[in-house]
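Residue numbers (our numbering), protein chains in the order written: chain U, 1 to 389; chain R, 1001 to 1389; chain C, 2001 to 2389; chain S, 3001 to 3389. The block underneath contains the structure these notes are about, expressed in structure tokens.
Number of protein chains: 4
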Amino acid sequence: MAKKIKKILAVTGIRSEYDILFPVIDSLRKHKSFQVQLVVCGAHLSDWHGDTLKDIESDKFDVVEKIDYLLMTNRKTQRAKGIGNLISSLTQTVDRIKPDFILYVGDREESIACSIVANYMNVLAVHIGGGDSVYGNADDPIRFACSELAHVHFTTSQQYADNLIKIGEEPRRVFFSGNPALKNIKDVPSISKKEISKKLDFNLNKYAVIIKHPLSSSKEESYYQMKTTLEAVGEFTKERNIEAVGIFPNTDPGSYDILRAIKEEESNSMKFFKNLPRNIFVNLIRHASLLIGNSSMGILEAPYYKLPVINVGDRQLGRLNAGNVKFVNYDKKIIKSAMEEAIFNSTYIEKIKSLKNPYGGDDAHERIVEVLENLNLEDKTWYIKQKVF
Amino acid sequence: MAKKIKKILAVTGIRSEYDILFPVIDSLRKHKSFQVQLVVCGAHLSDWHGDTLKDIESDKFDVVEKIDYLLMTNRKTQRAKGIGNLISSLTQTVDRIKPDFILYVGDREESIACSIVANYMNVLAVHIGGGDSVYGNADDPIRFACSELAHVHFTTSQQYADNLIKIGEEPRRVFFSGNPALKNIKDVPSISKKEISKKLDFNLNKYAVIIKHPLSSSKEESYYQMKTTLEAVGEFTKERNIEAVGIFPNTDPGSYDILRAIKEEESNSMKFFKNLPRNIFVNLIRHASLLIGNSSMGILEAPYYKLPVINVGDRQLGRLNAGNVKFVNYDKKIIKSAMEEAIFNSTYIEKIKSLKNPYGGDDAHERIVEVLENLNLEDKTWYIKQKVF
Amino acid sequence: MAKKIKKILAVTGIRSEYDILFPVIDSLRKHKSFQVQLVVCGAHLSDWHGDTLKDIESDKFDVVEKIDYLLMTNRKTQRAKGIGNLISSLTQTVDRIKPDFILYVGDREESIACSIVANYMNVLAVHIGGGDSVYGNADDPIRFACSELAHVHFTTSQQYADNLIKIGEEPRRVFFSGNPALKNIKDVPSISKKEISKKLDFNLNKYAVIIKHPLSSSKEESYYQMKTTLEAVGEFTKERNIEAVGIFPNTDPGSYDILRAIKEEESNSMKFFKNLPRNIFVNLIRHASLLIGNSSMGILEAPYYKLPVINVGDRQLGRLNAGNVKFVNYDKKIIKSAMEEAIFNSTYIEKIKSLKNPYGGDDAHERIVEVLENLNLEDKTWYIKQKVF
Amino acid sequence: MAKKIKKILAVTGIRSEYDILFPVIDSLRKHKSFQVQLVVCGAHLSDWHGDTLKDIESDKFDVVEKIDYLLMTNRKTQRAKGIGNLISSLTQTVDRIKPDFILYVGDREESIACSIVANYMNVLAVHIGGGDSVYGNADDPIRFACSELAHVHFTTSQQYADNLIKIGEEPRRVFFSGNPALKNIKDVPSISKKEISKKLDFNLNKYAVIIKHPLSSSKEESYYQMKTTLEAVGEFTKERNIEAVGIFPNTDPGSYDILRAIKEEESNSMKFFKNLPRNIFVNLIRHASLLIGNSSMGILEAPYYKLPVINVGDRQLGRLNAGNVKFVNYDKKIIKSAMEEAIFNSTYIEKIKSLKNPYGGDDAHERIVEVLENLNLEDKTWYIKQKVF
């Protein structure tokens, strides 16, 4: 009997989600057992965030729905109301497509919306990135709420898989795959520092990369926090004659305030870009001396690059630190001294070069494809979750 | 310094939620430290479900918003799309009211919507009824997802509180209060069987009460399952010369099919009512010989009444059984023989009369009021959850 | 050069809309110049309204989206909030399908939603049924609002086409097609009164048909109005030994109250049905002696059947009366005397048999297909409306 | 008997709407017969559009709801989906507040949403700004659709009032009030050119003001059209040694592209501002030599200032031209020669100084207050519209 093709509906709302999904859905679509369809939503559809729909289209995925749900406001209401709209819209898509799996990542609006829709529409929810013990931000619990609702889990570290077992998830549903985004890094062809400088119209020698997002729990301080960070980085670039390249923040409330600080602090030695093509971005990181800010990349991907990271503020607290991340407060002196160490202290740099990466190799996608291929949809127990304590 | 009044926004969507909330919000509003406001939504606003808004209004609560979100469809889309609409609407309410706490119960549309809105709007989520180890239904995981997002938990049994600790909730957030609905039972004045018979226009001597809801995971079988159950009950009432009184199901997909079976099977010895006032309902249960169906009342409240329960089918599986609940399959013979035992076997009846109720006494509301009174809102750590493994 | 296939997206929310659309979209899909796709929504997806999606599916149309938007409430909020949800959902569909035309009828939630979505999505709006000079109901103006937004108009009478010219619509956009639903009547094969009696399990000799909908402007009186009407009809059936067959009302606020009156007044001589298959329904009307209530059918279709109509109350006021419609108030005596005349006064009956039908023949669909076939989509002036005074 | 206070719910979504509403609601709240409440939504709540909520709050109105509905996307879906969300949210507000009137202006998302909600919620819709014979843009018909649904109309010119009579509106509902925004202009205290220069940090001598919005019917050309316009203005400012001050566009699709052109073309002689306080803005216009772009201000307000206007492109076509507006195409030469005439040709300037303003004086608000005061809410015929042909 011919095996039934499994229908995967992958959902992506922002570049950082797509980067993790890409290696997985790219493998799945090349595999004869799967049909892959994509829902593109949120920041992907916003020109203010670089209209990254274009990148997805040029990757030639089958985009079966575009869902505008991101609200143009900097108020706290933005995310909750956005989730409401997304759930309503996505239910319509799932009802039409009738996928076997909904595939999604992380802890954002898309993640909780997918979890809820899958649960009530009787579709298996496949969640990448559960079990992270991060805390300090009011929306961290969303990640664990997603895990409670997901039917299959792929985690980026063994420790995170263990966490899911601890909360009573049935072990057969939990898999340590590693971080799929690492594959992108490997696949991107080398571009020289010179070429990047040309593309960005910004002469790079020794430089730091800045990625900093707002925290919903301290939206009010977003401006001040970014301002302090950028003053420190700006001064350091001038004093030590290096450069800094920044990327615009995500869409969360507070992002507008961060953009305001960026506008004020940009200078000849510190330039910001709304969004960069993946090949430029990966090579930018490859040649960088430091990543500074509070992006999850510092935790999850920088170990693969053996890159020193300075995490300013409370975001990412509690996550598994490979040893490359230094947590600092909003204090210019401390930030600058951490930069000095990370960029110019050769002992420190050597230590980080020799660290072991707990976030897997560049084959996470293979593990995920294998699990989904072998999962027997006829076995209805996959649909009925049961706590194991 | 005068203590700040704490603003409580309680959310109720269906009679069964309101019955649990009532003793709590009634105590809170009588307490000088609190201001209680109510959001009434869902089935409360549906004439098809008895328009129970009227009961809430006659209880004189301050209803600050009415949210219509329940969709008139029997399709699987109903609940997910409804949650989306509810989240959007409720965000608007919370933004306007700016409560200190959002108070809600259980595992329904309201529960997950409140959890999400509270989380993103930076309001403390107070959840009653977490930690239940129920399984067998695709929407059971919603209850645990709510617990992941809630900031304060009140559980109906000690075992359920322990479960929340096991999933890593900080112990200071977890309280075993017992089931608040038990207070209602105590408070309702006695009405004789004769009087009830008159009010219902149905002569009651020895009788069973039927409450049966659809399961989203087996919506397709809703009609057949109800049909089988009612055939068994109907035959038994005639053979043994007793009566059966039924209540209409909740609003979930499949409810329409259940109503269809009811319409076909109603008879002189088995009558159904859309909804009953609390005082009638409680006395109906007090005088009953059996509760049959799959209502959570059988698990959570029947032990307080010392009432035998027959749970037909998989709903409520895994929950803490005080010993009064017998689980049976959709088999007419087995159902009828279980009825024989529960109603006419005096040894069995005596055994149940002597069981110990693990769901607390009739003072759960006092425990809840006390905890909320003492909770210091200035302590910002209440807003930032952290897993404890 | 091959001519481009024109993509038609037809939208239907309730049986009465589908009956008008059917002959048109059935002709269009058989025509080589068109591709027809269907959005099915609202009451079609409600079991409470007979789940008429099944009929559409058995007609084998290409249903590209199902939109649940109908709210389960009897409150005034129902329609406005429903329209909001429908607009959001339908925008997503139109963005995905990219039709050349959106085709819809009448003055209901679907009508105004389609008008708005078409207008902002730059799709030509084709509206059937504009220009009716009906008044007396708060939602009548919706019909003219739809006409202001529609790019092509097909009216059911010449007078209504003239009305559209009067409000400044460009004449080239306005076509008198007649009422497309008349074609259904012609096409339905004959079924004898006996056979119908058997199918309905109701012995019919001489009988009236009752169709009565609520008015949003007098929702509060819906129960009383239906009660009075049914008391009159019920008494008359008994006194004059005839039968009455009723159909359930539409979904508007007040419908629940109408259903309540129906439940109370149903009798051996007056039976109600939720919904009837088209072939049964048409033959039921063919053999009927009278249509009573306030359905637009009395105005728009009954003249084709040469059927006497009693319109109780203000709905349909101001519409073009072919002469077969008698308007009466909620007065039992007057209703009964109007029934006596319509059913037993042979002079009156003869007069109606000889009336001229101003609502066209049974070829409206041909006119519509012809216009849409010849409309040149390259001519961008079709997209830019301009008032002509 | 004490007269009932009339409850007015005014709805504003963007600065241009608020400017028209302000004199009216400011008069109403000072009047003992009225209670005024405000819904603030859309662009008012967007930092990207200057967060003008702050201005409304400093005017001390009673803001009873804030509705985020504006989607952060530049796609065509933005407005339709936004209207859907706004209708759902606003229905909730109206259900809660139960106003006697909903007061709104113009032809934007708020206008059609208010019209629909009022109509179904049985509240009188008071529309300011109907009857304009504008065409050329796909969303112009929205204005007339609003008029079909509104119960009371206030127009900005006598000609527009006549248009409403032509479409069959009952004359008793139609009032020529003039443009309420003119009152703002009168009330704003003088600020010298010098002071403005200081506040804007831009030295102004002789200058043009630029306000240009996207057209939904030609969204694709938004960038090119703005680019051409700005190139012409930029060159002219340099050649003739004058300045140009621009204001950011509204939120419609295409606005992102306009912002892109602005970013590229800003120069030492042409500066743009996101938003200006009313007192600055009015004085900026008072001292200006020209308004260029396609703002409705050029038609509706510039005659009051006796200010020459160049309208580039098709927006505003068909509207009543006081004689001060010159329509030109996207042609740099033609734009520059029109600028030469408007700024430096003294005969032309004199001609405009002597024109008669057909848009009323600065007392429109008084007329509106008077009509609403005298309108008898007990007369239920106000709620039932009827076409008069």
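We put the beta carbon where it would ideally sit given N, CA and C, even for glycine.
- At least one CB atom of chain C sits nearer than 8 Å to the CB of U:R96.
- Contact of C:D2201 with chain R is not assigned, every C-beta pair being separated by 8 Å or more.
- Around the beta carbon of R:T1381, fewer than 16 other beta carbons lie within 10 angstroms, which makes this residue exposed.
- Remark: three or more beta-carbon pairs, one from each stretch, lie closer than 8 Å, so the segment 3175-3191 of chain S and the segment 3141-3159 of chain S are flagged as touching.
- According to the DSSP assignment, U:H153 belongs to the beta strand (DSSP E) that extends over V152 to T155.
- Remark: C-beta atoms of U:V309 and U:G298 approach each other more closely than 8 Å.
- For the segment 2083-2095 of chain C, the residues whose beta carbon sits under 9 Å from a beta carbon of chain U are, in order, N2085, S2088, S2089, T2091, Q2092, T2093 and D2095.
- Distance from C:E2110 to C:G2042 at the Cβ level is roughly 7 Å; contact confirmed, criterion being Cβ atoms closer than 8 Å.
- By the Cβ criterion, the segment 1271-1283 of chain R is not in contact with the segment 1368-1375 of chain R, since fewer than three pairs of Cβ atoms, one from each stretch, lie closer than 8 Å.
- By the neighbour-count criterion, in which 16 or more other beta carbons inside 10 Å mark a residue as buried, U:L377 falls on the exposed side.
- When beta bridges are read from the DSSP output, R:Y1207 appears opposite R:E1243.
- S:S3255 carries a helical assignment under DSSP once its states are collapsed to helix, strand and coil.
- One thing to note: C:D2201 has its Cβ no nearer than 8 Å to the Cβ of C:C2146.
- In the three-state DSSP reduction, U:Q35 falls in the strand class (E or B).
- Ranked by Cα distance from U:D139, the options R:A1118, R:Y1135 and R:K1186 are led by R:A1118.
- Within the same chain, F3236 come within 6 Å of S:M3339 by CB-CB distance, once the 5 residues on both sides are set aside.
- Under the three-state reduction of DSSP, R:K1356 is assigned to coil, being neither helix nor strand.
- Chain C places no beta carbon closer than 8 Å to that of R:M1339, leaving this residue out of the contacts.
- For the C-beta of S:K3081, the chain U residues within less than 7 Å are, from N- to C-terminus, D68.
- Closest in C-alpha terms to S:I3258, from the list S:L3028, S:P3141 and S:S3216, comes S:S3216.
- When C-beta atoms of the segment 3016-3033 of chain S are compared with those of the segment 3053-3072 of chain S, three or more pairs fall below 8 Å, so the two segments count as touching.
- Around R:Y1256, the beta-carbon contacts reaching into chain C at under 8 Å are D2047 and W2048.
- Counting other Cβ atoms within 10 Å of its Cβ, C:Y2256 reaches 16 or more and is therefore classed as buried.
- Residue burial is scored here from C-beta neighbours: C:D2331 has fewer than 16 other C-beta atoms within 10 angstroms and is therefore classed as exposed.
- C-alpha of S:L3307 to C-alpha of S:I3292: approximately 10 Å in a straight line.
- Going by C-alpha positions, U:N324 is about 22 Å away from U:R240.
- Under a criterion of Cβ atoms nearer than 9 Å, the residues of chain U adjacent to S:L3071 are, in order, L45, S46, D68, Y69, L70, L71, M72 and N85.
- As a beta-bridge residue in DSSP terms, C:F2272 pairs with C:G2246.
- By the neighbour-count criterion, in which 16 or more other beta carbons inside 10 Å mark a residue as buried, S:V3036 falls on the buried side.
- By the CB criterion at 8 Å, U:L124 and U:D162 fall outside the cutoff.
- Runs of the alpha helix (DSSP H) lying entirely within the segment 83-132 of chain U, each at least 4 residues long, are 109-121 in chain order.
- When DSSP states are grouped into helix, strand and coil, R:A1010 belongs to the strand group.
- For the segment 3149-3160 of chain S, the residues whose beta carbon sits under 8 Å from a beta carbon of chain C are, in order, L3149.
- Residue-level contact check: S:R3075 touches chain U, since one or more beta carbons of chain U fall below 8 Å from its beta carbon.
- Within the same chain, P3180, H3365 and I3368 come within 6 Å of S:V3024 by CB-CB distance, once the 5 residues on both sides are set aside.
- Secondary structure note for S:G3293: its beta strand (DSSP E) is the uninterrupted segment L3290 to G3293.
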